[in-house]
Amino acid sequence: MSQDLITQWWLATLGDRLIWARLRELEEGQFELLSSNGYTTFPDEDSARAALLDAEYRELDGFDEDDALALGSTLDDLIPPEGDEDEIAESLIQLIEKPR
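Numbering (this note's numbering), first residue to last: 43 to 142.
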């Protein structure tokens, strides 16, 4: 099994849904994207990032409190899915809970 060199989390919204994507650099120098569409491998980071940006994802590391508030959330509540691969894949699409 290959070791991850970097892991980045990205997110997008669709209606009342928050959609996560995980981008990982693998030992082989390729980049693996896990999204709600499954796994996709890219030859380099630029190609992977371009695909995410084309799909209107934004990198979580670039979010600030105002960005989170625009989603009806707080920055502290934007926590990427955790668990094993199956649990993560099942949690990539989450309902955005609006304050009452």
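Note that the Cβ used here is the ideal one computed from N, Cα and C, for glycine as well.
- Going by DSSP, Glu-87 is part of the alpha helix (DSSP H) stretching over 87-96.
- Taken through DSSP and simplified to helix, strand or coil, Leu-47 comes out as strand.
- Shown here, Ile-121 sits in coil according to DSSP, grouped into three states, outside any helix or strand.
- With 16 or more other CB atoms across the displayed protein chains lying within 10 angstroms of its CB, Tyr-99 is buried.
- Counting along the chain, the unbroken alpha helix (DSSP H) around Glu-107 starts and ends at 107-112.
- When the alpha-carbon of Thr-55 is set against those of Thr-49, Ala-92 and Leu-111, the nearest one is in Leu-111.
- Straight-line measurement puts the Cα of Leu-137 at about 13 Å from the Cα of Asp-119.
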